[in-house]
Amino acid sequence: MESTIRFTLNGEPASVTTDGDRPLLWVLRTNLALTGTKYGCGEGLCGACTVIVDGEAARSCQTPVKEISGKSVTTIEGLAADGGVHPVQKAFMEHDALQCGYCTPGMIMNAVALLGKNPHPTTAEIIGGMDDNLCRCGAHNRIVKAVQAAAGVREGGL
Amino acid sequence: MREFEYWENDAAEIDVAMDRRRFLKTAGTGIFLFFNIRDLSVLTQEGTGRPVIQGGPSDFNAYMRIGEDGRVTCYTGKIEMGQGIVTSLAQMLADELDVGVESVDMVMGDTDLCPFDRGTWGSLSTRAFGPSLRTAGAEARRVLMEMAAERLHVPVAELATEAGAVFERAKKENRVTYAALAQGKKIDRQLKDPVAVKKPSEFRIMAKPLTRRDAHEKVTGKAQYAGDIHPPGMLCARILRPPAHDAKLVSVDVAGAEAMKGVRVVRDGDLIAVLHEYPDVAQAALGKIHAKYDTPAPAVDDRTIYDHLLKAAPAGRTVASGGDLAGGEHASSSVFEQKYLNAYVAHAPIEPHTAVAKVEGKKATIWASTQSPFGAREEVAQALGFRTQDVRVITPFVGGGFGGKGRNQQVVEAARLARAAGVPVQVAWTRGEEFFYDSFRPAAVVKIRSGIGSGGAITFWDYGVYFAGERGAEQFYRIPNHRTTAYNAGWEGAAGTHPFATGAWRAPGNNTNTFARESQMDIMAAKAGADPVEFRLRHLGDEKMKRVLRTAAEKFGWKASKAPNGRGVGVALGIDAGTYVASMAEVAVDRSTGNVKVHRVLAVQDMGLVVNPAGATIQMEGCITMGLGYALREGLHFRGGAITDVNFDSYEIPRFSWLPKIETHLIDDEDAPPQGGGEPAIVTMGAVVANAIYDAVGARVLELPMTPDVVKAALKQG
Chain A
354 MESTIRFTLN
364 GEPASVTTDG
374 DRPLLWVLRT
384 NLALTGTKYG
394 CGEGLCGACT
404 VIVDGEAARS
414 CQTPVKEISG
424 KSVTTIEGLA
434 ADGGVHPVQK
444 AFMEHDALQC
454 GYCTPGMIMN
464 AVALLGKNPH
474 PTTAEIIGGM
484 DDNLCRCGAH
494 NRIVKAVQAA
504 AGVREGGL
Chain B
536 MREFEYWEND
546 AAEIDVAMDR
556 RRFLKTAGTG
566 IFLFFNIRDL
576 SVLTQEGTGR
586 PVIQGGPSDF
596 NAYMRIGEDG
606 RVTCYTGKIE
616 MGQGIVTSLA
626 QMLADELDVG
636 VESVDMVMGD
646 TDLCPFDRGT
656 WGSLSTRAFG
666 PSLRTAGAEA
676 RRVLMEMAAE
686 RLHVPVAELA
696 TEAGAVFERA
706 KKENRVTYAA
716 LAQGKKIDRQ
726 LKDPVAVKKP
736 SEFRIMAKPL
746 TRRDAHEKVT
756 GKAQYAGDIH
766 PPGMLCARIL
776 RPPAHDAKLV
786 SVDVAGAEAM
796 KGVRVVRDGD
806 LIAVLHEYPD
816 VAQAALGKIH
826 AKYDTPAPAV
836 DDRTIYDHLL
846 KAAPAGRTVA
856 SGGDLAGGEH
866 ASSSVFEQKY
876 LNAYVAHAPI
886 EPHTAVAKVE
896 GKKATIWAST
906 QSPFGAREEV
916 AQALGFRTQD
926 VRVITPFVGG
936 GFGGKGRNQQ
946 VVEAARLARA
956 AGVPVQVAWT
966 RGEEFFYDSF
976 RPAAVVKIRS
986 GIGSGGAITF
996 WDYGVYFAGE
1006 RGAEQFYRIP
1016 NHRTTAYNAG
1026 WEGAAGTHPF
1036 ATGAWRAPGN
1046 NTNTFARESQ
1056 MDIMAAKAGA
1066 DPVEFRLRHL
1076 GDEKMKRVLR
1086 TAAEKFGWKA
1096 SKAPNGRGVG
1106 VALGIDAGTY
1116 VASMAEVAVD
1126 RSTGNVKVHR
1136 VLAVQDMGLV
1146 VNPAGATIQM
1156 EGCITMGLGY
1166 ALREGLHFRG
1176 GAITDVNFDS
1186 YEIPRFSWLP
1196 KIETHLIDDE
1206 DAPPQGGGEP
1216 AIVTMGAVVA
1226 NAIYDAVGAR
1236 VLELPMTPDV
1246 VKAALKQG
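Here the protein sequences line up with chains A and B, keeping their order. Quick note on the working numbering: the first sequence kicks off at 354 and runs consecutively. Quick note on the working numbering: the second sequence kicks off at 536 and runs consecutively.
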C-alpha cells in the first residue's frame, strides 16, 4: 500500500510516498537517487547495502521503508559535511582499505556504527563487528587497520 | 587458449584509421600522440616462448593528449576494477613526461573515446601496456623539448624538463610550460621508434608508493558503477530464468505480471523480462510469471564430476618434455602416484553483472560492468544488427572482475530489452543470477607420477592436467626425465564437458597446477626425509627462484625440519604472469572437526620493476586473502545443470574472521622489466595451506577446497 513515510535523511527532513513494504535499499537508490548504497546479495548476507538507522547499522535490503518512519537514516553520502570526509572515510583512504570500492560504502557505514557504540574496540571486536560485511578483493587486513586508526588505536597486531 | 583466438578474430574488425580520424576531429586542440604495444620482446607467455599478443590490431592502443590547460589525458580501453591501474598507469605517464601525477587524467574503457583494446586481464596492463605508455610519455617529452627549443632559441641538448615545463639548464628562468606549447596547436604524432625511457635511478614517481587516486570517490559513494547510471525514463529488468542450464521452457503464463500496475512484460525471442521503474517491483512481478520447464535428470553432480571429466578428456598435448621417463622410473627407489582434484569456483564479485542500455534508432549507448568493453560493443552490434561504430560502450568503475566479467551476457540482454521496450533498460543481475551465469573456474584433475632415487634426488616427473589449462603446468625444477601433458588446453571444455559455463579465474589454471605440483614436491621431500625448503633448493636451477625462496625462509624464520613435525608450517613456490613467488604459511588443524585456521601467511615476490609498490603490495594481500577461499571453502554445489548455491550463505567467501597475519615482501629487481602483479600470490595458496596441514597433523589433503569434511577424511587415511 502506498503511504507517505517521513524521516530524517542525512540530517535533513525527508519524505517519500511509496509502498511501505519496499526495501529501503531500492527506495534510496531509485526514489531518492542516492546510489552510494549498493546491492550485493539482497538477503542481508554481504553488507554492501549497510546504512545507519538511529545509530545502528542496518541492512537496507532487509529494511522495509515503513520501518524508518520517524527515524534518522544516514547513508554514505551524508557521513560528512559538504566536501569533507568522516574520520573513518579518511582512514580508509590513508590505509588503502579498498580496491574495487563496491563494498566500501557498506564497510564504512558498518565501521562508523561500530565505533559509535564502541569507540575503542579491540582488534577482536573490530573483526567480530565487521565479520558479516563481505569483500571479494581481499582488502580485509587494511580495513581492520583503517578502523583501528579511526578509533585512535595504535597499529599492530594484524 | 581462448583469449588468443578471441583476439585474432576481433582484429580484422577494427578500422583503426577511422578511429583515429574521428578522435582527432572531436578532441580539440593540443598535442596528440598515438601509440601501441610494439615491443613484444619481453612479452612471451611464460615458458612457451609464444608472444602474449598475436594478430591484434597493430596500429595503436592508446591516445595521449596534452591540452592547452597543461593537463595530460590518457585514453585507454583498459578498465579499472580494483587492480589500481588508474593510479599506476598515470604514475608511469607522469614520470616519463615530467608532470605531476595529479595533472594526468585517465579516460578508460569508453569505446567512442578510447582506441581498441582487447580487454583487461592476464595481468597485462602493467607489463604489456606499461612499456608503451612510458615510451609514449618519453616521446611526448621529446616533442615538447623540440618545440621549446624553437620557442626559447636554445638547442635541445641544453634543455631540461620539470613539473610540466621546459627550461634552459643554465638559465632556469628561460622556460616555457607544456600548456603554453600546446596553445592553439593541433600536433599529431604517431609513435614510431621506441625512445629511451627513464632509468630507475631517474624515477620521481614510479617505484614509489602512491595512495589510490580513486579512493576519495570510492569512500564518499560518489564513484559510479554501471548500476548507478540512470538515464531518463529507464526501467529496471528482471529476466525469466530456467531452473537449470539444460532446462527447456515448455509453457509460460505472464498474465499475473502484466496485471501489475506499471509493469511491462517484454519478449525478445527467448528473452522474457518484466520491466518496472523499481527493480524490487520488477522482482515481485517476475514472481507472478508461471513457467513450466522440462529439466533432464542430472547426469553429474559436485561429487561425480571428476570421474566424468576424466572420461570426457580429449587427447593430451605435450607441453614440455625431456630425458627418458622409463629410464627415470627404473632408477627410482620410490615412486609416487597421486590424483589432485579441485572444485568449480565462482568469481563472486560483490558487484553482480550490470548494464544499462539506451537504444535510439540504429544507435546504442551502453554503460557496462565489463572487463572487455570492445568485446561488448561487438556483441551488441551483432545482436542488434547495428554497425560496430554505432554502438558505444562506456565502462564506469567495475566492482570486481577476477576474470569473470568478459562474457557480456548482461550487456546483450540490456541492449535487446532496451530496443524491444523503446526505453533505456537496466539489467542488474541478482546474486542468484550471478551464481547461475558465472563462468566458473573449471573443476579439474591433475595426475602425477614421480620418483626419487636412493639419494633423494627426483628421478622422473610425469604430469597430466585435465581441464584446468596449461598456465603454470610446466614445472621449473631440475628434473632429468620429465613430461607435462595438458588434456584440454584452455579453461573451457568441449560441449558436454561441463554442465555450465567455465572460464578464466584469477591466474587461470595456475591455482590448480601449483596446488598439485607443490603438494607432490612435499610428498617426495617427506619420503626423502628432507626439509621441504632444502628439498626444493636442491632441485632449483634458477637463481631468481632460489633468491625468492631463500628470502621467504629468512623473513618467515623457517627452521629446517622433516615434515610432519606438528608445527603446522608449509611452503609453496609458483610462477605466474612472469612473476616468481614463494609463500609460507602457519596453520592449526582441529582434529575433531577438521577445521583449519590459517594463522600466518608470508609471500615473497620478484616481479621485476615495481611501478607502484603500494599497489603491488595491496594486490599480494588481496591474493592471499582471496586465495584462502578456494583453499578452504569455495566449491560450487550443483546437481546437473542446476546450481544449488544461490547466495553467500551456502557459498562462503573469505571473511574478516579468517584473516591470518599477512606479510609481503617485494624483491628489489628494478632493472628487470615489470611483470604481472594482480595474480601471482594467489597461485600458491592451495599448496601452502595443504603442506602446512600435513606438517601439522600428517594428513595429506589432495582435494580443493579443504573443507572440514575433506580434512577429516584425509586424517582418517593417515
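We put the beta carbon where it would ideally sit given N, CA and C, even for glycine.
Any idea what DSSP makes of Lys1079/B, helix, strand or coil? Collapsing the DSSP output to three states places Lys1079/B in a helix.
Got a sec: is the Cβ-Cβ distance from Glu1121/B to anything in chain A below 8 Å? Output row for Glu1121/B: interface = no.
Beta bridge counterpart(s) of Asp803/B as assigned by DSSP: For Asp803/B, which the question treats as bridged, DSSP gives the partners Leu806/B.
Interface residues of the region 810-842 of chain B facing chain A [CB-CB below 8 Å]: Those residues of the region 810-842 of chain B that come within reach of chain A (Cβ to Cβ, closer than 8 Å) are Glu812, Tyr813, Pro814, Asp815 and Val816.
For Cys771/B: DSSP bridge partner residues: Paired residues: His811/B and Gln961/B.
Can you check DSSP and say which residues form a bridge with Gly857/B? Gly857/B is bridged to His1017/B.
List, in order along the chain, the chain B residues whose C-beta lies closer than 8 Å to that of Val497/A? Contact note: Val497/A reaches chain B through Phe1191 and Leu1194, using a C-beta cutoff of 8 Å and chain order.
Considering just the uninterrupted stretch of the beta strand (DSSP E) at Glu969/B, what are its terminal residues? Where Glu969/B is concerned, there is no enclosing beta strand (DSSP E), although the alpha helix (DSSP H) it sits in stretches over Arg966 to Phe971.
Which residues bound the beta strand (DSSP E) around Ala1256/B? Past the edges of chain B, shown from 536 to 1253, lies residue 1256/B, and the structure says nothing about it.
Using a beta-carbon distance cut-off of less than 8 Å, what residues from the region 604-630 of chain B approach chain A? Using a CB distance below 8 Å, the part of the region 604-630 of chain B facing chain A consists of Met616, Gly617, Gln618 and Gly619, ordered along the chain.
Could you tell me whether any Cβ in chain A is nearer than 8 Å to the Cβ of Phe975/B? No, no contact with chain A.
Name, please, each residue of chain C whose Cβ falls closer than 7 Å to the Cβ of Phe1183/B. Checking the listed chains, one finds no chain C in this structure; the protein chains it contains are A and B.
In this structure, how does DSSP classify Phe1191/B when only helix, strand and coil are distinguished? In the three-state scheme derived from DSSP, where H, G and I count as helix and E and B as strand, Phe1191/B is classed as helix.
What does DSSP give as the partner residue(s) for Gly565/B in the beta ladder? According to DSSP, which records beta bridges pairwise, Gly565/B is partnered with Lys721/B.
Determine, for Cys649/B, whether the minimum Cβ-Cβ distance to residues of chain A falls below 8 Å. Not an interface residue.
Could you check whether the Cβ of Ile480/A sits closer than 8 Å to any Cβ belonging to chain B? Closer than 8 Å: yes.
Could you list the residues in the region 879-911 of chain B with a C-beta less than 7 Å from some C-beta on chain A, going in chain order? Those residues of the region 879-911 of chain B that come within reach of chain A (Cβ to Cβ, closer than 7 Å) are Ala883, Pro884, Ile885 and Glu886.
Let's test the definition: count the other Cβ atoms within 10 Å of the Cβ of Ser368/A and tell me whether it reaches 16, buried, or not, exposed. Looking at its Cβ environment, which holds fewer than 16 other Cβ atoms inside 10 Å, Ser368/A is exposed.
Classify Lys707/B as helix, strand or coil using the three-state DSSP reduction. Three-state result, Lys707/B: strand.
Give every residue of the same chain whose Cβ lies closer than 6 Å to the Cβ of Val933/B, excluding the five residues on either side of it in the sequence, and list them in chain order. Closer than 6 Å at the Cβ level, and outside the excluded window around Val933/B, lie Ile614, Met616 and Ser904.
Cβ of Gly797/B within 8 Å of any chain A Cβ: No - not a single Cβ of chain A is within 8 Å of the one on Gly797/B.
With 16 as the cutoff for other CB atoms within 10 Å, does Leu784/B come out buried or exposed? By the Cβ neighbour-count rule, Leu784/B is exposed, with fewer than 16 other Cβ atoms within 10 Å of its own.
For the putative contact between Asp647/B and Thr611/B, defined by C-beta atoms under 8 Å, what is the C-beta separation to the nearest angstrom? About 13 Å; that fails the 8 Å criterion.
Straight-line Cα distance separating Tyr1022/B from Gly1233/B: Whole-angstrom Cα-Cα distance: 31 Å.
Run the CB neighbour count on Pro366/A, radius 10 Å, all protein chains shown included, and call it buried at 16 or more, exposed below. Label assigned to Pro366/A: exposed.
Status (buried if at least 16 other CB within 10 Å, exposed otherwise) for Lys707/B: Counting Cβ neighbours within 10 Å, Lys707/B comes out exposed, since fewer than 16 surround it.
Against chain A, does Val933/B count as a neighbour if the rule is that its beta carbon must be under 8 Å from one of theirs? For Val933/B, the nearest CB of chain A lies under 8 Å from its own CB, placing it at the interface with that chain.
Gln955/B vs Asp805/B beta-carbon contact at 8 Å: In the sequence as presented, Gln is not what sits at residue 955/B; that position holds Ala. Not in contact: Ala955/B and Asp805/B (Cβ atoms no closer than 8 Å).
Members of the region 1142-1163 of chain B near chain A, C-beta cut-off 9 Å: The residues in question are Ala1149, Gly1150, Thr1152, Ile1153, Gln1154, Glu1156, Gly1157, Cys1158, Ile1159, Thr1160, Met1161, Gly1162 and Leu1163.
Should Leu1144/B and Pro1215/B be called a contact, given that it needs their Cβ atoms to be closer than 8 Å? Here Leu1144/B is not near Pro1215/B, since their CB atoms are 8 Å or more apart.
By how many angstroms is the C-alpha of Gly654/B removed from the C-alpha of Gly591/B? With a pLDDT of 39 at Gly591/B, under the threshold of 50, the modelled position of that residue is not reliable, and the figure given next carries that caveat. Cα to Cα, the separation comes out at about 12 Å.
Within chain B, the residues that Asp435/A reaches when beta carbons sit closer than 7 Å: What Asp435/A touches in chain B: nothing, since even the nearest Cβ is about 11 Å away.
Let me confirm a value: His473/A is counted as buried when at least 16 other C-beta atoms fall within 10 Å, else exposed. Which label applies? That one is exposed.
Which word fits Glu969/B, buried or exposed, when buried means at least 16 other C-beta atoms lie within 10 angstroms of its C-beta? Answer is buried; the Cβ neighbour count reaches 16.
CB contact check: Val1139/B to chain A, cutoff 8 Å: Answer no: the Cβ-Cβ gap between Val1139/B and chain A never drops below 8 Å.
Does the CB of Asn471/A have a neighbour CB from chain B at under 8 Å? No, Asn471/A does not count as interfacial toward chain B.
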